[in-house]
Each structure stands twice: as structure tokens, then as C-alpha cells.
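Undergrad: Residue numbers (our numbering), protein chains in the order written: chain C, 5 to 327; chain G, 46 to 304.
Ideal placement from N, C-alpha and C gives every residue a C-beta, glycine not left out.
It should be emphasised that the depicted structure is a prediction, and the values quoted were computed from it without experimental measurement.
Here it is: the structure, laid out below.
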Amino acid sequence: MSRPVAIDVSHLGKTYDKVRAVEDLSFQVYTGEIFGLLGPNGAGKSTTLRILITLLNPTSGSARIFGLDSVKDADRVRQTIGYVPQERAIDRFLTGREHLELLADLYHLSVDDAAKRIPQLLKLVELEPQADRPAKTYSGGMKRKLDIACGLLPDPKILFLDEPTLGLDVQSRLRIWDHVRAMRERGITVVMTTNYLDEADQLCDRIAIIDGGRIKALGAPNELKVGLGGDLVSLTVREHDRVEKLATAIRDLPAIRAVTTTTNGLDIRVDSPEKALPAILDAANRLTCQLEFIDYHRPRLDDVFIAHTGRSIKDDQPKAEDS
Amino acid sequence: MKQYSQEIRALTMRWVRRLSREKFSMLFTLVQPMLFWLIFFGNLFQRAADLQVTQSSSYISFLTAGVVVMTVLNNGLAGGVDLLFDKENGFLERLMSTPIHRTSVILSRFIFVTTITSLQVLVILAVAWLFGVHPVTGLAGVATILLIGMMFGVGLTAISMAMAFSVKSHGDFFSVLGFLSLPMIFLSSALVPLAAMPGWMGFLAQFNPMTWAIDAVRPLILQGWAEALPHVGMVIGVMVLFDAICLYGGARAFRRAIG
Numbered sequence: 005m006s007r008p009v010a011i012d013v014s015h016l017g018k019t020y021d022k023v024r025a026v027e028d029l030s031f032q033v034y035t036g037e038i039f040g041l042l043g044p045n046g047a048g049k050s051t052t053l054r055i056l057i058t059l060l061n062p063t064s065g066s067a068r069i070f071g072l073d074s075v076k077d078a079d080r081v082r083q084t085i086g087y088v089p090q091e092r093a094i095d096r097f098l099t100g101r102e103h104l105e106l107l108a109d110l111y112h113l114s115v116d117d118a119a120k121r122i123p124q125l126l127k128l129v130e131l132e133p134q135a136d137r138p139a140k141t142y143s144g145g146m147k148r149k150l151d152i153a154c155g156l157l158p159d160p161k162i163l164f165l166d167e168p169t170l171g172l173d174v175q176s177r178l179r180i181w182d183h184v185r186a187m188r189e190r191g192i193t194v195v196m197t198t199n200y201l202d203e204a205d206q207l208c209d210r211i212a213i214i215d216g217g218r219i220k221a222l223g224a225p226n227e228l229k230v231g232l233g234g235d236l237v238s239l240t241v242r243e244h245d246r247v248e249k250l251a252t253a254i255r256d257l258p259a260i261r262a263v264t265t266t267t268n269g270l271d272i273r274v275d276s277p278e279k280a281l282p283a284i285l286d287a288a289n290r291l292t293c294q295l296e297f298i299d300y301h302r303p304r305l306d307d308v309f310i311a312h313t314g315r316s317i318k319d320d321q322p323k324a325e326d327s
Numbered sequence: 046m047k048q049y050s051q052e053i054r055a056l057t058m059r060w061v062r063r064l065s066r067e068k069f070s071m072l073f074t075l076v077q078p079m080l081f082w083l084i085f086f087g088n089l090f091q092r093a094a095d096l097q098v099t100q101s102s103s104y105i106s107f108l109t110a111g112v113v114v115m116t117v118l119n120n121g122l123a124g125g126v127d128l129l130f131d132k133e134n135g136f137l138e139r140l141m142s143t144p145i146h147r148t149s150v151i152l153s154r155f156i157f158v159t160t161i162t163s164l165q166v167l168v169i170l171a172v173a174w175l176f177g178v179h180p181v182t183g184l185a186g187v188a189t190i191l192l193i194g195m196m197f198g199v200g201l202t203a204i205s206m207a208m209a210f211s212v213k214s215h216g217d218f219f220s221v222l223g224f225l226s227l228p229m230i231f232l233s234s235a236l237v238p239l240a241a242m243p244g245w246m247g248f249l250a251q252f253n254p255m256t257w258a259i260d261a262v263r264p265l266i267l268q269g270w271a272e273a274l275p276h277v278g279m280v281i282g283v284m285v286l287f288d289a290i291c292l293y294g295g296a297r298a299f300r301r302a303i304g
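What follows is the structure, given as C-alpha cells:
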């Protein structure tokens with residue numbers, strides 16, 4: 005299966021003052037997907053993003069955006085991308101509309117095109133009522149919407165978002181997610197950095213987990229979770245002598261990956277709980293094996309992160325022990 | 046070329062809009078502290094200053110050239126402040142991610158700072174006029190003063206922008222700024238002619254580009270073309286060199302910061 009590639013990153017490295025921020029990074033972003041760079045602060049995801057948007061030159065390797073080199077063809081790359089920096093990249097004294105007017109000139113839009121596009125964008129991000137108020141009167145969510153409108157102004161093929169929901173309240177966050185999904189609907193490729201696991205999980209089609217400047221895992225959130233060995237079903241069995249029999253019966257069922265015996269039951273790794281759970285219960289019934297307790301646990305992205313980096317994404321918070 | 050001018054116009058208008066949004070700031074930008082130097086310092090030292098030494102009819106008329114150049118100094122050195130804030134809050138990154146010519150942002154700043162400074166210089170000359178200081182070289186002299194101010198201002202603004210792009214925080218920027226500006230003023234011929242300074246101060250003041258600028262502006266106000274022209278010729282040469290060095294340093298700092 006080959007999908008059209010929007011971004012091709014090959015052996016990318018960036019060293020600042022002898023510190024390696026990014027090392028030997030290679031990945032591809034397909035057109036029309038939401039691609040997330042997930043990692044803790046200082047992992048190298050912002051450096052990667054800055055190289056992709058031509059603000060930094062790599063010290064080794066290359067990044068191609070629709071075949072254009074991020075260094076040699078920087079100017080043409082800039083014409084095809086939109087960028088939404090982290091919050092506050094806003095001029096407090098300018099109104100929302102003036103921000104868009106300024107950017108329209110910087111993208112060399114004609115007066116007519118700008119006059120057409122700016123009201124459309126203000127409408128799209130629901131900022132029409134506040135369009136003529138100075139940005140210093142805006143709430144965090146409104147600033148973010150303006151940021152996004154600014155990023156969309158050039159009608160980009162790829163939109164880069166740096167921590168799009170950092171510091172936002174829950175409602176604004178969900179709104180921003182909706183906007184990002186709407187962009188994908190319009191055929192825009194979205195590349196975003198985030199250090200929120202739930203954001204990466206729910207919003208991104210594919211993610212690259214970055215830690216210490218290297219890619220630790222790459223794929224769709226679900227693939228990565230499944231890659232851990234599937235969901236976990238734990239059975240507590242009343243009659244201990246029947247455990248072995250039950251284990252044998254379950255091992256041959258469809259959608260079962262692995263079965264291990266525990267002190268008072270079984271731990272079963274399953275591929276698809278929809279198929280596996282009824283089959284497991286059915287097997288237990290057939291063997292008249294009474295189940296005291298069933299625990300079903302779906303691997304979270306956090307588990308993926310820990311499995312690949314050896315630590316939780318919030319490195320200052322020790323991970324709670326799962327029993 | 047059309048695109049370049051579109052960018053520069055839009056970016057310059059941004060600075061103008063920002064200034065116009067803050068009415069007080071706009072008022073105090075035009076009627077600024079330098080006027081106090083002229084009005085208070087000029088009148089305060091009227092009798093304390095030896096007019097034989099200053100070789101002028103009044104101390105305020107001697108001081109006018111100094112205050113004009115001090116205005117250029119202050120504005121120039123502060124010229125990078127807004128870019129510093131742009132850098133810190135990420136707005137600069139937003140601008141740099143657009144397909145603009147890399148120099149547009151800087152050029153817009155030069156245009157803005159130079160224009161504002163020229164207006165301020167005119168306000169100062171107008172206030173000096175009220176105190177009886179009438180430039181003997183007339184309007185052509187005033188135009189020459191503006192030209193010298195602009196040339197000096199470009200170099201200073203370049204230094205300021207280089208600092209803005211190099212410093213780690215705006216605290217550093219303002220510390221350096223505060224540290225630089227007073228010695229620049231005292232070690233120049235702004236307040237006292239070189240000949241009347243203590244030897245070591247006069248020696249140091251010779252190397253201060255501010256002194257060169259003042260020594261050209263002062264005869265334009267007090268003496269006339271015959272006296273002024275050699276100084277004007279000299280200062281233009283000095284300023285071309287000064288600007289070249291500052292612009293080179295500024296461009297390097299900019300390239301390092303922007304990549």
C-alpha cells in the first residue's frame with residue numbers, strides 16, 4: 005500500500021552548541037492525514053517542527069515537503085505551508101482582522117483575494133463578532149482561533165501546529181480539535197506537536213513518539229497499542245483446578261494472542277475484545293468454570309509511551325504502580 | 046519587487062498601527078524626555094555655563110545640537126525593542142514562516158524608527174526655536190541635520206536589533222541599553238565642547254561617533270555653511286563606515302538567530 009507522501013524526513017539531525025536536539029530522525033507524513041509528534045518537553049519535537057517549516061536548518065539529513073528541500077527551496081516551501089505557533093504569537097495591539105490583513109500582504113495576496121478570504125476565515129473559526137477588537141481583549145481560546153485562521157490564510161497544503169491546545173480549557177480544546185479535523189476533511193495535511201497523550205490518541209491518524217531526539221515508535225495510535233500485545237483480559241477463577249483446562253480451551257479460540265496462568269486465574273492478551281470476550285465466556289460456560297471477576301484493560305497510549313521510552317511522558321510525575 | 050514593497054509596506058504599517066493604538070504612548074513618543082534636557086538642562090545651565098567656552102550666544106543654543114543627536118541615540122538604541130518582544134512571543138517566527146524576503150522585517154523597522162526620529166528632531170528644533178535658537182543655515186540646514194540623524198540612526202538601530210537577536214532575555218537587553226546610553230552622552234560633545242573636557246574624557250569622546258555627529262550639527266545651527274561643510278563631509282564619511290560595521294554585525298546576529 006503506497007500513499008502519496010507529503011513530507012519525507014530522512015536521517016534528520018540538529019545540534020545546538022554541541023547538544024544534540026534531534027538525531028537521525030526518519031519518517032514520512034502522508035497527504036491528508038493528521039500526524040502527531042508526541043513527546044515530553046525537550047524531546048526534540050519543536051526542533052523537528054522548526055526544521056520542517058524552514059526556520060531552522062538541519063545539521064545533517066534532510067526534510068522534503070512535497071519534494072521541496074527545506075533548506076534549498078525554503079521560499080517555495082513557505083508558500084505551501086501554514087504555521088500556527090504556540091500561544092501568544094499575537095500582536096496585542098492589532099485586531100484579529102488586521103492580523104489577517106498583515107499576513108495576506110506577507111503571502112502576497114491581491115487586495116481582492118484578501119478581501120474574499122479574510123471574512124471566510126473569520127467565519128470559519130467563529131471569530132466574526134470580535135474581528136475588529138484588539139487581540140489583547142481576546143480569551144485564550146479566541147487567540148488560538150485567530151492563530152489557526154492565520155495559519156490557514158495562505159490556503160496551505162500542509163498546516164503545522166505547535167502544541168495547539170497548550171493551556172486551554174477543556175471546551176476550547178474540543179473546539180480546536182474539531183477545527184483540526186475539519187481541516188483534514190478539506191484535504192489539508194496536518195502536522196502537530198503535542199505532549200498530551202489523549203490529544204495524540206484521539207486526534208492524530210498517526211504519531212511518532214519522540215524522546216531524547218529520536219523516534220521511539222511510529223504508527224497509528226491503535227496500531228501502537230495493539231503492538232503492545234493486545235488488550236488484556238484478566239479472569240479470576242473460583243475453582244483453581246479448572247484453570248489449566250480453561251487455558252487450553254481458550255488458547256485455540258480466535259482473536260486470542262497469549263494466555264498466561266496467574267495465581268488465581270488467567271491473563272489473556274486479545275486482539276479484538278468484541279470477538280474474544282464472548283468466546284472466552286462461552287468456553288468458561290462449557291467447562292462450567294465459575295468466574296469470580298473479569299477485568300478488561302485496553303492499553304492506553306501511556307502504556308505505549310512507557311513501553312518504548314521506559315518512562316512516563318510526565319517525567320516529573322512518577323507513574324502510579326498498576327497492580 | 047512588487048512583492049517586496051507589499052511586504053515592507055504591510056510590516057511598516059504594523060508599527061504605525063501599534064503606535065497609534067496607544068494614544069499616550071504616541072503623545073509621549075513625540076513629546077519625549079529629550080525635550081526636558083533641552084528645556085531644563087538648557088535653561089538651568091544658562092548662567093553656569095561659560096559662553097566663552099561654548100562659543101555660543103546661549104547655552105541652550107549650544108545644547109540643541111546635543112539634544113538632537115541624543116534623541117537619535119535613544120531612539121536608535123531602543124529601535125530593536127519591538128523586535129525583541131516579537132522574538133520572545135513567537136510573532137517573529139510567524140513572520141519568518143511566511144514567504145517574505147528575510148530583510149523585510151528589519152527594513153520596515155528602519156523605516157519606522159527613522160521616520161519617528163525625524164519627527165522628534167523636528168519637534169526639538171521647533172521647541173528650541175521658541176527659546177530663540179534659529180538655525181543659521183535655514184531649511185537646507187535642517188534637512189542636512191535630518192540626514193545626519195538618519196545616517197547615525199541606521200547604525201544605532203542596527204546595533205539595537207543585533208542585541209535584540211542575540212540576548213537571552215529582555216532583562217539583559219535593557220541592562221545593556223541603560224548601561225550604554227549615559228556614557229555615550231557624557232563621553233561626547235553633547236553637553237560640553239571637547240576642548241573644555243578633562244583630558245581623558247575628551248580623548249575618549251573623540252572616538253564616539255556621537256561627537257562627530259554633534260560637531261557637524263552644531264555649526265549648522267550656530268555658525269553657518271562655511272564652518273559646517275567640512276564637518277558635514279567628514280561625518281558623512283564616518284557614518285557610512287559606522288553604518289557598514291553596524292549593519293554587518295546586525296546581519297550576522299540576525300542570520301544566527303533566524304537560521
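Is any beta-carbon of chain C found at less than 8 Å from that of G:F210?
TA: The sequence position of residue 210 of chain G within the second sequence is 165, counting from 1. With 8 Å as the cut-off, G:F210 does not count as an interface residue toward chain C.
Undergrad: Show which residues of chain C have a CB atom less than 7 Å away from the CB atom of G:A55.
TA: Taking the first residue of the second sequence as 1, we reach residue 55 of chain G at position 10. What G:A55 touches in chain C: L106, D109 and L110.
Undergrad: Apart from the five residues just before and just after C:R68, which ones in its own chain have a Cβ nearer than 6 Å to its Cβ?
TA: The residue you call residue 68 of chain C lines up with position 64 of the first sequence. Correct list, in chain order: D12.
Undergrad: What does the alpha-carbon distance come out to for the pair G:A123 and G:F197?
TA: Indexing the second sequence from 1 puts residue 123 of chain G at position 78. Indexing the second sequence from 1 puts residue 197 of chain G at position 152. About 14 Å.
Undergrad: Please look up how many angstroms separate the CB atoms of C:A93 and G:G125, rounded, as I've assumed it's under 8 Å.
TA: To locate residue 93 of chain C, count along the first sequence from 1; it is residue 89. To locate residue 125 of chain G, count along the second sequence from 1; it is residue 80. Between G:G125 and C:A93 the Cβ distance is about 19 Å, and since that is not below 8 Å, they are no contact.
Undergrad: In angstroms with no decimal places, state the Cα-to-Cα distance between G:V21 and G:S220.
TA: Not covered by the structure: residue 21 of chain G. The range shown for chain G is 46 to 304.
Undergrad: Which chain G residues are close to C:L59, counting only those with a beta carbon under 9 Å from its beta carbon?
TA: Position 55 of the first sequence, counted from the start, is the residue given in the question as residue 59 of chain C. Simply E138, M141, S142, I303 and G304.
Undergrad: Less than 8 Å between C-beta atoms, sequence neighbours within five positions excluded: which residues of the same chain meet that for G:G149?
TA: Within the second sequence, residue 149 of chain G is the residue found at index 104, counting from 1. Looking at the sequence provided, one finds Ser at residue 149 of chain G rather than Gly. Once the five neighbours on either side are set aside, the close Cβ partners of G:S149 are Y49, E52, I53 and L56.
Undergrad: Could you give the uninterrupted runs of the beta strand (DSSP E) lying entirely in the segment 30–103 of chain C, keeping only those of 3 residues or more?
TA: Counting whole runs of 3 or more residues, the segment 30–103 of chain C contains the beta strand (DSSP E) stretches 38–42, 64–69 and 85–88.
Undergrad: Output the distance between the C-alpha atoms of G:T160 and G:W60, rounded to the nearest integer angstrom.
TA: Taking the second sequence and counting its residues from 1, one reaches residue 160 of chain G at position 115. Taking the second sequence and counting its residues from 1, one reaches residue 60 of chain G at position 15. Rounded to the nearest angstrom, the two C-alpha atoms are 11 Å apart.
Undergrad: Please list, in chain order, all residues of the same chain as C:K49 whose beta carbon is under 7 Å from its beta carbon, the five residues on each side excluded.
TA: Counting from one through the first sequence, the residue named residue 49 of chain C turns up at place 45. Within the same chain, C:K49 has close Cβ partners L41, G43, T197 and I214.
Undergrad: Verify whether the separation of the beta carbon atoms of G:I204 and G:C291 is less than 8 Å.
TA: For the purposes of this step, residue 204 of chain G is taken as residue 159 along the second sequence, with counting starting at 1. For the purposes of this step, residue 291 of chain G is taken as residue 246 along the second sequence, with counting starting at 1. Yes, the pair counts as a contact, with Cβ atoms nearer than the cut-off.
Undergrad: How close, in whole Å, do the beta carbons of C:L29 and C:R315 come, if the pair is a contact with beta carbons under 8 Å?
TA: Translated into the one-based positions of the first sequence, residue 29 of chain C becomes position 25. Translated into the one-based positions of the first sequence, residue 315 of chain C becomes position 311. Going by Cβ atoms, the distance from C:L29 to C:R315 rounds to 20 Å, so no, they are not a contact pair.
Undergrad: Return the Cβ separation of G:I259 and G:S234 in integer angstroms, given the expectation that the two are a contact with Cβ distance under 8 Å.
TA: Working through the second sequence from its first residue, we reach residue 259 of chain G at position 214. Working through the second sequence from its first residue, we reach residue 234 of chain G at position 189. With a Cβ gap of about 5 Å, G:I259 and G:S234 count as contacting.
Undergrad: Quick check: is the beta carbon of C:F39 nearer than 8 Å to any beta carbon in chain G?
TA: Within the first sequence, the letter at position 35 stands for residue 39 of chain C. No - not a single Cβ of chain G is within 8 Å of the one on C:F39.
Undergrad: Name, please, each residue of chain C whose Cβ falls closer than 7 Å to the Cβ of G:I145.
TA: Locating residue 145 of chain G in the second sequence gives position 100, counting from the first residue. In chain order: L110.
Undergrad: Would C:P322 be called buried (16 or more neighbouring beta carbons within 10 Å of its own) or exposed?
TA: Taking the first sequence and counting its residues from 1, the one referred to as residue 322 of chain C is at position 318. Its pLDDT being 38, under 50, C:P322 is placed unreliably by the model, and nothing is read from it.
Undergrad: Give every residue of the same chain whose Cβ lies closer than 7 Å to the Cβ of G:M46, excluding the five residues on either side of it in the sequence, and list them in chain order.
TA: As a working note, residue 46 of chain G is residue 1 in the second sequence. Correct list: empty, nothing qualifies.
Undergrad: For a contact defined as C-beta to C-beta under 7 Å, what are the partners of C:Y87 on chain G?
TA: Against the first sequence, residue 87 of chain C aligns to sequence position 83. Here the neighbours are R139 and S142.
Undergrad: With a threshold of 8 Å between beta carbons, is G:R59 in contact with chain C?
TA: Here the question's residue 59 of chain G lines up with position 14 in the second sequence. It does: the Cβ of G:R59 has a partner Cβ on chain C nearer than 8 Å.
Undergrad: For C:I122, which residues from the same chain have a beta carbon less than 6 Å from its beta carbon, with the 5 sequence-adjacent residues on both sides left out?
TA: As a working note, residue 122 of chain C is residue 118 in the first sequence. Hits under 6 Å: L104.
Undergrad: So C:S14 packs on C:S66, CB below 8 Å; how close in whole Å?
TA: Here residue 14 of chain C corresponds to residue number 10 of the first sequence, with the count starting at 1. Here residue 66 of chain C corresponds to residue number 62 of the first sequence, with the count starting at 1. Contact holds; Cβ gap of about 5 Å.
Undergrad: Looking at chain G, is there any beta carbon in it that lies within less than 8 Å of the beta carbon of C:L172?
TA: Here residue 172 of chain C refers to the residue found at position 168 of the first sequence. It does not; no Cβ of chain G falls within 8 Å.
Undergrad: Could you pull the DSSP bridge partners for G:R18 from this structure?
TA: Shown here, chain G extends from 46 to 304; a query on residue 18 of chain G therefore has no answer.
Undergrad: What residues of chain A sit near C:F97, judged by a beta carbon separation below 8 Å?
TA: The structure shown contains no chain A; the protein chains it does contain are C and G.
Undergrad: Flag G:G278 as yes if its beta-carbon sits less than 8 Å from any beta-carbon of chain C, otherwise no.
TA: Along the second sequence, one-based indexing puts residue 278 of chain G at 233. No, G:G278 lies away from the interface with chain C (no Cβ there is under 8 Å from its Cβ).
Undergrad: May I have the straight-line CA-CA distance separating C:L131 from G:Q91, to the nearest angstrom?
TA: Mapped onto the first sequence, residue 131 of chain C falls at position 127. Mapped onto the second sequence, residue 91 of chain G falls at position 46. Cα to Cα, C:L131 sits roughly 60 Å from G:Q91.
Undergrad: Are the C-beta atoms of G:A165 and some chain C residue less than 8 Å apart?
TA: The sequence position of residue 165 of chain G within the second sequence is 120, counting from 1. The residue asked about is misnamed: residue 165 of chain G is Gln in this sequence, not Ala. It does not: the Cβ of G:Q165 has no partner Cβ on chain C nearer than 8 Å.
Undergrad: How do the segment 31–39 of chain C and the segment 192–210 of chain C stand: do at least 3 beta-carbon pairs fall below 8 Å, yes or no?
TA: Touching, yes.
Undergrad: Does the segment 139–147 of chain C touch the segment 158–168 of chain C, meaning 3 or more C-beta pairs lie closer than 8 Å?
TA: Output reads no: the segment 139–147 of chain C does not touch the segment 158–168 of chain C.
Undergrad: To test your reading of the DSSP string, which unbroken alpha helix (DSSP H) runs of 4 or more residues are found completely within the segment 95–129 of chain G?
TA: Complete alpha helix (DSSP H) runs here, min 4: 96–99 and 104–123.
Undergrad: Examine chain G for any beta-carbon lying closer than 8 Å to the beta-carbon of C:Q90, and answer yes or no.
TA: Here residue 90 of chain C corresponds to residue number 86 of the first sequence, with the count starting at 1. Cβ-Cβ to chain G under 8 Å: yes for C:Q90.
Undergrad: Ordered along the chain, which non-local residues of its own chain (more than five positions away) have a Cβ less than 8 Å from that of C:L53?
TA: As a working note, residue 53 of chain C is residue 49 in the first sequence. Excluding positions up to five away in sequence, the list reads L41, F164, D166, V195 and T197.
Undergrad: Does the beta carbon of C:G17 come closer than 8 Å to any beta carbon on chain G?
TA: Counted from its first residue, the first sequence places residue 17 of chain C at position 13. Not an interface residue.
Undergrad: Below 8 Å between beta carbons is the criterion; list the residues of the segment 149–162 of chain C that meet it against any residue of chain G, in chain order.
TA: Answer set for the segment 149–162 of chain C: C154 and P158.
Undergrad: At the level of alpha carbons, what is the spacing between G:V166 and G:L184?
TA: The residue labelled residue 166 of chain G in the question sits at position 121 within the second sequence. The residue labelled residue 184 of chain G in the question sits at position 139 within the second sequence. Their backbone Cα atoms lie some 13 Å apart in a straight line.
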